[in-house]
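A short worksheet on the structure shown next.
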Amino acid sequence: MAIDITQFRQVFFEESLEGLDTMESSLLHLDEDASDSEVINTIFRAAHSIKGGSATFGFQELTSFTHVMENLLDEMRAGRRQVTPPAVALLLQAVDCLRGMMLALQDNSAVDQPRVDDLYAQLEALWHAAPDESAPAPAPTVPEAPEASPQGHPRGWHITFQPHLAMLRSGNDPVRMFRELTDMGTLTTRVDMRQLPPLTELDPENCYLAWELTLESVVDERQVRDVFAWVEDECGLTLTPLHAAPVPDTVPVTATPTPAATPPAPTAQAEAAQAAAPERRVNGERRQQAAGADTSSIRVSIDKIDALINTVGELVITQAMLGQLRDGFDVRDLDKLRDGLDQLERNTRELQESVMRIRMLPMSFAFNRFPRLVHDLSQQLGKKAQLTISGEQTELDKTVMEKIGDPLVHLVRNALDHGIEPPAVRLAANKPEAGQIHLHAYHQGGAIVIEVSEDGAGLHTAKIRQKGIERGLISADAELTESEIHDLIFQAGFSTADVISEISGRGVGMDVVRRNIKDLGGTIEVTSSQGHGTTFTIRLPLTLAILEGQLVRVGQDTYIVPLVSISESLQIDPPAMHVVAGQTPLYKLREDYIPIVRLCDLFHLPHDAATSVDSLLVVVEGDGHKLGVVVDELLGQQQVVIKSLETNFKRIEGVSGATILGDGTVALILDISGLMHLAQQHTGLVRRPRRLAPVQQAA
Amino acid sequence: MDTTQTLDVDATSVASDAKQYLTFLLDEAEYGVDILRVQEIKGWDTVTPLPNAPEYVRGVMNLRGTIVPIIDLRQRFALEGVAYGATTVVVVLKTVHEQGSRVMGIIVDAVSDVHNITDAEMRSPPECSGAVSTEFVKGLATVSDKMIIVVDIDRLLNAGELAVTA
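Here it is, written out as C-alpha cells:
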C-alpha cells in the first residue's frame, strides 16, 4: 500500500519548528552553564529528529545541514569538544538558518542560499578543526581549517566502541562495521569482556562486549563515524586521533598554536557581531512565523479534549432523557422536565467553557522568544542583563496571545535599551553588573496581568516633564503628580532616548503599545522609581469572546456591566446624594464621595420618567477611579458573547461592544473607562483622587 | 418569526448591460438601490438605541447573530417623520468602503418594485435637488413615466457621522 507522506509534511514542519525552538532555548541555556550535558543532549536530540524527519521527506539540504550540526553537538555531548561562546553563537545562527530554510520549504519560496552555504561552510570548518585541540584551548579552530592538508590529518584513529546491551536487537552487527573499517586500513581489535556475565545469567540477545580498535589509515573522522552512523545512539563511541609524530611533523604542530592563539579574540568579536547583525533578519523571520501561525493549527493538551468529550457525553445523556419525557408527556413529569432543562443548561455552560479552554494557551508561547531577544540585544548594546520569567503557565486566549506579542517585545526592548544601564554605570551605582529583567504573568479576577519589570535607572521624571513641555503635551506650569508625568510616555511622538538607536528612540512605540493593548480591551500602567527601576503592568481580559456580565435595566434598555469592574451595588439613600451647582452629583459612600452618572444623560438618550425610578447605584471601578452608575433594576448575571459594533458601525465611546440576549434583542456592553471619560467631558470634572506614590521597589 | 424574506430574482432575464435595482418609497418618491447589494428585507422591529449617535441612527438590530445598525432614511434626508406602519420595512444593504464592507439597514416607507435600468438610461442629477444632497444620487432614471432616484449607498452610508474613521 502506497502511503502519501506529503500529507504529514505540515506535521513535520510544525514539529521541527518546535524542535528548533527547543534547540534555541537550550543553546541559550548552554551559554550560561556550559557543563550541563543534559542540555547538550536535548539539543542533540532535537537536531537528530529534524535530521531524521527531513531525510524521510527528502529535504536533502535540511538533512545535510543538520548532519553537520549534529556532528558538532555529538562531540560536545561526548565531551570531546568544549562548548565555546563562538560555537554556541554559530549554532544559534544555524538554528535561525534552519528555521528560514524550513519556512521557505513550507511556502515553496526561495531559500536564502548564500547564507545557507556560508553557515554550512562555517560549521564544516568548525567541525573539521580537530576537536581535541579545541578542548584544551577554547580557541575557535576555524583558522586551522585551510591547513587541512594530508599532513594535518592524524595517522589513524583509536576507537573505543561500547555497544549498549540492546544494540544487537536492532539488527546491528559489530562484525559488519569492523569489516568496513578493515577496508579503510589496518585494523587492530581488542575485545573488552569485563561486562560479560556468568553463563547462567547471560542473555544471548544482549551485547556484553566492548572493543578497543586501532585503525591505521589516513581517513578523516567523518569517514570513521559514518561507519557507526546506524548505531550512534546505541553505543558509546570515542575517537582519538593517533599522532605518531614523525620528526617533520613536530614543527608545524608546535608552531600552530602561535598563529592560532592570536586570532581568537578578533574571531570571537566577529562572531558576536555576526550574532547581533542578523537581529533584523531574525525578526523578519519571526514575523513570518507569526503570520504563518494564524492559519495553522494549535496544539491542545489531551485532558482538555477529554473534558470536552465528557461534556458532550453528558449532553447526549441529557438530550436522551428529555427525548424520553416527550413521549407521553404528563403534567406530573413537569418536575423532571425542569430538572432536565437545568441539567441541559449546566451541560451547555460546561461545553462552552471547555471549548473556550481549547483556545487558551500558556503564556510561555509569548514568553519563549524573550531569552533569545535579551541575549542578542544585550550583546548588541554592550549591556549585561538577566531575564527571569515566572507565571509562564498562566493561560490566555490564543487571539489575545498573538496580539500581545509585539507590545511585549517592545517593552522588553525598551527595558534593555532605556532601562538597564551600561555595566559601568550600574557598578558605580552600587548595583550588580548584570541588570534584571523580569516577566511575570498571573491571573487576577477575570483578567490576566503581565508585568515587565527591570531594575534599571527608572524613568527620569524631570526629563520627561521637560520633553512634555517641549512637545506641547503639557503646559510649562502644569502641576502633575509623578504618575501623571510617567503617563506622558504613552503619548504619541514621545521619546527620551538621547541617542536614536536602531532599537528604540524614534518616538513610535509606547503610544502604539498602549493603543494595541486598548484594542484588546486592556490597560497598561507604569510605575517607576528613579534609580531603582521601572515596572509596566499590562492588564488584559482572559478572552475576547466571552464576558461575565451583570445585566442592568436603565429605562427600557438593558445594559451589561462587566462583572470585574463592579465593586458594589447598593440602594440609593436620597440624603447621601449631593448636588454641587453645575457639577457632577456626588454620592457619599461611607467616608468617600464618588461621582454618579445617569446613562441617559451621558448617552443623550431620551429620558423616560415613567420607567426610571433611580433606585439603585452600581459602583464601578476603572483606571483607579470609582464611579456610581444609576440603574433602575439589576436583572441578573450571565456570560455574554461579545459582538463587535465596529464590524458594521464604528467605535462608540462608553460602549465596548454588544451582545444578543436570550430574547434575541441587542444589549450594549458598557466600557467603564470610556464611561469615565464621557462623564469627564459631560461635566468637565470628575473628582480624581490623588493616586498613591508608586511603590518603592526593592533594589 | 418576523417577516424576513429573501429576494429571489431571475437574473437571466436581465439585458446584458442593464442592472437590476430594487426600488422603495420614501415620502411619495421612488428611490432605487443596486439589487446585488440588498441582503434581505425585514419587517420593522424594535432596535436598541446607541449612545451619542446621530438621531437618524435608530439603533442596532440582531440579524442572525450580527449586530446591524439601522438608519431611518426619512430622518437622514430630513424628511418629515411618520409613524412606522404595516408597510414600513428595513432594507438590509451591504456597503463598501476603503477598509472593507459593512452591513447596514435602512428604514423605508415600503418596497416598491424591481427594475432593469441600463447605464445609458441614467441621467445625472441636476445640481439642486432639495432633500437629498446630490452627492448621494448616482443618477435619475425614468421607468414607465416614473422618476427613480438611484441612490449611491456606499457614499450615503459611509458619509459624515457614519464614516468608518470618524
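Protein chains in written order, with our numbering: chain A, 5 to 703; chain B, 14 to 179.
Every residue gets a Cβ at the ideal spot worked out from N, C-alpha and C, and that includes glycine.
Bear in mind that the values here come from a model prediction, so they are computed numbers and not experimental data.
Within the region 626-659 of chain A, contact with chain B at the beta-carbon level (separation under 8 Å) is assigned to 647, 648, 649, 651, 652, 653, 654, 656, 657, 658 and 659. Contact between residue 130 of chain A and residue 93 of chain A is absent: CB atoms are separated by about 11 Å, not below the 8 Å threshold. Collapsing the DSSP output to three states places residue 234 of chain A in a helix. In this structure, residue 388 of chain A lies near residue 439 of chain A, with their beta-carbon atoms less than 8 Å apart. With contacts defined by Cβ atoms closer than 8 Å, residue 526 of chain A and residue 542 of chain A form a contacting pair.
In this structure, residue 86 of chain B and residue 60 of chain B do not form a Cβ contact; the two beta carbons are roughly 14 Å apart against a cut-off of 8 Å. Look at residue 464 of chain A here: in three-state DSSP terms it is coil, with no helix or strand label. For the pair residue 107 of chain A and residue 20 of chain A, the Cα-to-Cα distance works out to about 11 Å. DSSP places residue 328 of chain A within a helical segment (H, G or I) once states are collapsed to three. Beta-bridge partners assigned by DSSP to residue 562 of chain A: A:557. Taking a contact as a CB-CB distance under 8 Å, the pair residue 105 of chain A and residue 66 of chain A counts as one, their CB atoms being some 6 Å apart.
Between residue 79 of chain B and residue 116 of chain B, the gap from beta carbon to beta carbon is short of 8 Å. Just measuring C-alpha positions, the residue of A:489, A:24, A:323 and A:561 sitting nearest residue 663 of chain A is A:561. Excluding sequence positions up to five before and after residue 223 of chain A, its CB lies within less than 6 Å of the CB of 188, all in the same chain and listed in chain order. Assigned with DSSP and collapsed to three states, residue 318 of chain A falls in helix. In this structure residue 620 of chain A is in contact with residue 575 of chain A, their Cβ atoms being roughly 6 Å apart against a cut-off of 8 Å. Excluding its 5 nearest sequence neighbours in each direction, residue 347 of chain A has C-beta neighbours in its own chain below 7 Å: 322, listed in chain order.
Assignment of residue 160 of chain A by DSSP, reduced to helix, strand and coil, places it in the strand class.
With contacts defined as CB atoms closer than 8 Å, residue 605 of chain A and residue 681 of chain A fail to qualify as a contacting pair.
Between residue 64 of chain B and chain A, the shortest Cβ-Cβ separation is below 8 Å. Take the alpha-carbon of residue 162 of chain A and the one of residue 25 of chain A: they are about 36 Å apart.
Nearest Cα to residue 354 of chain A within the set A:310, A:378 and A:197: A:310. Within the region 119-162 of chain B, the complete beta strand (DSSP E) segments at least 3 residues long are 123-131 and 150-156, listed from N- to C-terminus. Secondary structure within the region 600-658 of chain A: the alpha helix (DSSP H) runs of 4 or more consecutive residues, fully enclosed, are 603-607 (chain order). Under the criterion of beta carbons closer than 8 Å, residue 65 of chain B and residue 656 of chain A qualify as touching, at roughly 7 Å. For residue 101 of chain A, the enclosing alpha helix (DSSP H) stretches over residues 89-110. Neighbours of residue 671 of chain A in chain B, taken as residues whose beta carbon is under 7 Å from its own, are 61 in chain order. The Cβ neighbour count for residue 237 of chain A, taken over all protein chains shown within 10 Å, is under 16; the residue is labelled exposed. Remark: C-beta atoms of residue 634 of chain A and residue 571 of chain A do not approach each other more closely than 8 Å. When the beta-carbon positions are compared, residue 374 of chain A and residue 443 of chain A come within less than 8 Å of each other.
Within the region 353-378 of chain A, no residue has a Cβ lying closer than 9 Å to any Cβ of chain B. Close to residue 74 of chain B, with beta-carbon spacing below 7 Å, are these residues of chain A in chain order: 670.
Counting only residues of its own chain and dropping the five nearest sequence neighbours on each side, residue 589 of chain A has a CB closer than 8 Å to the CB of 581, 582, 583, 599 and 600. Residue burial is scored here from C-beta neighbours: residue 386 of chain A has fewer than 16 other C-beta atoms within 10 angstroms and is therefore classed as exposed. Residues of chain B with a Cβ closer than 9 Å to the Cβ of residue 445 of chain A do not exist; the shortest Cβ-Cβ separation is about 32 Å. In this structure, residue 489 of chain A lies near residue 468 of chain A, with their beta-carbon atoms less than 8 Å apart.
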